[in-house]
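Novice:
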Amino acid sequence: MLAADIEFLRTRICADQLEFDVGSYGTAVAATYANMYPERVGKIMLASSMPPVPETLTFAKGNGMAMTQAFAQLERLCLEGHSDCQGHSFDTQNDSTLTDQWLSLTETIRAGQLTATTNMTNNLGDYVQFPLTIGLVQGYLQEKMGDAERFSEVFKIIQKLEEANEQQIIDILDYYCKLTREVANESTTIRTWYTYGVCVGGQSVGSAFIAEPAILAQDYFGRFAVAQGMEAYRDFKTTWNDAMAVGPFVGLFSVLSSWKAEAVPVQPGFRAGIQAVALGNLYDPHTPFIWSNQMRESLPDGVQIIWQGGGHGEQHNDNMKDCKDAIDRFWRTGKLPPDGLTCRTPKFR
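The opening position of the sequence shown corresponds to residue 1 in the working numbering, with each subsequent residue numbered one higher.
(1) Assign Trp331 to one of two classes, buried (16 or more other C-beta atoms within 10 Å of its C-beta) or exposed (fewer than that).
(2) Evaluate the contact criterion for the stretch 25-37 versus the stretch 271-282: three or more CB pairs, one atom per stretch, below 8 angstroms.
(3) How would you label His286, buried or exposed, when you count the other beta carbons within 10 angstroms and need 16 or more for buried?
(4) Should the stretch 241-253 be regarded as contacting the stretch 56-71, the criterion being three or more beta carbon pairs within less than 8 angstroms?
(5) Distance, Cα to Cα, Asp318 vs Val22?
(6) Ordered along the chain, which non-local residues of its own chain (more than five positions away) have a Cβ less than 8 angstroms from that of Phe221?
(7) Flag this pair as yes or no: are the beta carbons of Ser48 and Gly334 separated by less than 8 angstroms?
(8) Can you give me the Cβ contacts of Tyr175 inside the same chain, cut-off strictly under 7 angstroms, excluding the 5 residues immediately before and after it?
(9) First and last residue of the alpha helix (DSSP H) that includes Ala217?
(10) At which residues does the beta strand (DSSP E) containing Asn293 begin and terminate?
(11) For Glu153, I'd like the list of residues in its chain whose CB is within less than 6 angstroms of its CB, leaving aside the five on either flank, ordered along the chain.
(12) Which of the three DSSP states is assigned to Arg349 in this structure?
(13) Buried or exposed: which applies to Gly112, given that a residue is buried once 16 or more other Cβ atoms fall within 10 Å of its Cβ?
(14) Rounded to the nearest angstrom, how far is the Cβ of Val200 from that of Thr192, given a contact under 8 angstroms?
(15) Does Gly62 come within less than 8 angstroms of chain B when only Cβ atoms are used?
(16) What residue from Pro51, Phe8, Ser24, Gly62 has the CA that sits closest to Met45's CA?
(17) Is Ile327 helix, strand or coil when you go by DSSP?
(18) Tell me Lys43's beta-bridge partners as DSSP assigns them.
(19) Could you name the residues that DSSP lists as bridge partners for Val22?
(20) Does the separation of the CB atoms of Asp351 and Cys343 fall below 8 angstroms?
(21) Count the other CB atoms, across all protein chains shown, that sit within 10 Å of the CB of Gly125; report buried if there are 16 or more and exposed otherwise.
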């Protein structure tokens, strides 16, 4: 949808060609523009690519699997004694892996035992408690894992939630359940969960960073009736149960698959003659590595470079230096890096 807007902008600034340095959703926009207007495209850098097939069910499953892969990497690092675990030890023989802790925590959350105190009172004059939900926790962990240097925070968060730490619960609720109003250069923030006992955030009223559901739903085809959508959910949940995959899947699929506006699913990529570099992170919690691989396949004259670590997009990590240097050379000279260039991570630090 945005590709046509970008072409309109190009005509107004009288540019012969445009170059794109984009990540995440921006990769779909740039690749779509390259497909629609290949003669107008110069160099393209795609970090953490979206899927080149714009379909809702594929998108939701892929996002869920991205979180599962990132979470599994955390568990493997801990079992190997990696320093990121910060003193957390796990014993697979006694059901104390990170996944075991997460499954136990989800039962606690589902039972409504993790709550924070609101500013509301009930008929008896007692302050009302607001419950944390599994979806909010999963989303919060996913955001933290978007930065590879903050992977270790996941352990701290899970540990605090196991201890029913109210401040940690409040931090999660404050992250999602608040609205900010700006008047005359002054901003006022309302904690909706605390003030009204409901979780309403910027995304709920279209005032977040981007109107993501509306934009993605316009781009992605695949609409389902409620009964069909529930079958897709049951099928996915049967496979993955309460693993980290289910929350992201539900969050995306439930919205995009039932959007009322008809989709305009223009094909991203699948165009020869485009100078493109696709950077894929093996343990990206938002966009799975396979999407970057598929984006590379859709641009036959491009290349893919690989970061063995986690996080979403380019990371501030010394072990990523070779990849960053290759990207810099690409921008300076137009020379594509070797296809398959891999920036490796040491097993232990």
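Where is the CB? At the ideal position from N, CA and C, for every residue including glycine.
Because the structure is a prediction, the values reported are computed rather than measured.
Specialist: On the basis of the data shown:
(1) Flag for Trp331 reads exposed.
(2) In short, these stretches touch, since the Cβ pair count reaches three.
(3) Flag for His286 reads buried.
(4) The stretch 241-253, when compared against the stretch 56-71, does touch it at the 8 angstroms Cβ threshold.
(5) Answer to the nearest angstrom: the Cα atoms are 21 angstroms apart.
(6) So the list reads Pro54, Glu55, Thr56, Ala263, Pro265, once near-sequence residues are dropped.
(7) Going by C-beta atoms, Ser48 is not nearer than 8 angstroms to Gly334.
(8) The answer, listed in chain order, is Tyr140.
(9) Segment 212-219, the alpha helix (DSSP H) holding Ala217.
(10) From DSSP, Asn293 is part of no beta strand (DSSP E) but of the alpha helix (DSSP H) over 289-298.
(11) Annotation for Glu153: Lys144 place their beta carbon closer than 6 angstroms to its own, counting only its chain and skipping 5 residues before and after.
(12) In this prediction, Arg349 scores a pLDDT of 40, lower than 50, which makes its location untrustworthy; no coordinate-derived value is stated.
(13) Around the CB of Gly112, fewer than 16 other CB atoms lie within 10 Å, so the residue is classed as exposed.
(14) Contact between Val200 and Thr192 holds: their C-beta atoms lie close to 4 angstroms from each other, under 8 angstroms.
(15) Here there is only one protein chain, and chain B is not present.
(16) Looking at the Cα atoms, Ser24 is the closest of the given residues.
(17) Helix, per DSSP.
(18) The partner list for Lys43 (beta bridge, DSSP) reads Gln275.
(19) For Val22, the pairing in a beta bridge is given by DSSP as Leu46.
(20) With the chain covering only 1 through 349, there is no way to say anything about residue 351.
(21) Of the other Cβ atoms in all chains shown, fewer than 16 fall within 10 Å of the Cβ of Gly125; this residue is therefore exposed.
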